[in-house]
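**Student:**
In my numbering, the protein residues as written are 138 to 342.
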């Protein structure tokens, strides 16, 4: 474990993080994955790295690392380890939790992509109304849940939303600390519920 500095006053300010460079995931088969992302979703295959050793750790693990480019210059990337094995889902996490969301420009583009995916035999959930955006959901050949999103809220509305984000998270954190104390004392076993329901239309009457 790295040492933690006690005096952080002399540290440089955080460097501005401009955008996502890439998100990497394990692929069962490179060509199967290329077909899905390039031929169906329209993301061009842009770069490949191949090696027998991992540069960051030095360990022996032959791989093909391949990248698909988004319109903003960022990438989604994959590793084919040459063994026809897909990444196993997390055993303690519902399948809808971990996902990657890509933005499209309009509701019409979202509907067009839904039709395109379904024509290729991909099961699509939605269009789902999240109030500030609309989305569709589907899985890629590697079991990754993907979301396409059309933003509805403008920059001003999102700025207004940002004004309350820290206060809401602080309230959640305080309630979670109490929940932990209650659980340790044997008073509660149920998961903590949020203090506010932003989707009241789903509450059972």
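The C-beta atom is built at its ideal place from N, Cα and C for all residues, glycine as well. The structure displayed is predicted, hence computed values, not measured ones.
Look at the Cβ atom of residue 241, then the Cβ atom of residue 285, and state whether they are nearer than 7 Å.
**Tutor:** Yes, the pair counts as a contact, with Cβ atoms nearer than the cut-off.
**Student:** Which of the three DSSP states, helix, strand or coil, is assigned to residue 236?
**Tutor:** In the structure shown, residue 236 sits in a strand (DSSP, three-state: E or B).
**Student:** Quick test of the definition: if touching needs 3 or more C-beta pairs under 8 Å, does the segment 247-264 touch the segment 142-160?
**Tutor:** With a cut-off of 8 Å, the segment 142-160 and the segment 247-264 do not count as touching, because too few Cβ pairs lie within range.
**Student:** Taking residue 157 as the reference, give the member of 191, 208, 186 with the closest Cα.
**Tutor:** Residue 208 is the option with its Cα nearest to residue 157.
**Student:** What residue from 159, 212, 178, 328 has the CA that sits closest to residue 316's CA?
**Tutor:** Closest option to residue 316, Cα to Cα, is 328.
**Student:** Would you say residue 171 and residue 182 are within 7 Å of each other, going by their C-beta atoms?
**Tutor:** A contact, by the Cβ cut-off of 7 Å.
**Student:** Using three-state DSSP, classify residue 182 as helix, strand or coil.
**Tutor:** Looking at residue 182 - three-state DSSP - the assignment turns out to be strand.
**Student:** With a threshold of 8 Å, are at least 3 pairs of Cβ atoms found where one atom belongs to the segment 263-270 and the other to the segment 285-296?
**Tutor:** These segments touch.
**Student:** Does DSSP put residue 222 in a helix, a strand or coil?
**Tutor:** DSSP places residue 222 in coil when its eight states are reduced to three.
**Student:** Helix, strand or coil, according to DSSP, for residue 165 in the structure here?
**Tutor:** Three-state result, residue 165: coil.
**Student:** Buried or exposed: residue 243, going by 16 or more other Cβ atoms within 10 Å of its Cβ?
**Tutor:** Label assigned to residue 243: exposed.
**Student:** Let me make sure I understand the geometry here. Which of 300, 173, 216, 314 has the alpha-carbon closest to that of residue 187?
**Tutor:** Of the candidates 300, 173, 216, 314, the one whose C-alpha sits nearest the C-alpha of residue 187 is 216.
**Student:** Determine the closest residue to residue 334 out of 318, 309, 314, with distance taken between C-alpha atoms.
**Tutor:** Taking only the C-alpha atoms, the option nearest residue 334 is 309.
**Student:** Between which residues of its own chain and residue 263 is the CB-CB distance below 8 Å, once the five residues before and five after are set aside?
**Tutor:** Excluding positions up to five away in sequence, the list reads 251, 271, 272, 273, 274.
**Student:** Give, in chain order, every unbroken run of the beta strand (DSSP E) that is at least 3 residues long and sits entirely within the segment 276-304.
**Tutor:** You should have 282-288.
**Student:** By DSSP, does residue 249 sit in helix, in strand, or in coil?
**Tutor:** Three-state DSSP puts residue 249 in a helix.
**Student:** Tell me which residue opens and which closes the beta strand (DSSP E) that residue 195 is part of.
**Tutor:** Unbroken run through residue 195: none, as it is neither H nor E.
**Student:** For residue 302, count neighbouring C-beta atoms within 10 Å of its own C-beta (all shown protein chains included) and say buried if the count is 16 or more, exposed if not.
**Tutor:** Exposed.
**Student:** Within 10 angstroms of the Cβ of residue 184, are there 16 or more other Cβ atoms? Answer buried if so, exposed if not.
**Tutor:** Burial call: exposed.
**Student:** Please name the residue or residues paired with residue 187 in a DSSP beta bridge.
**Tutor:** 201.
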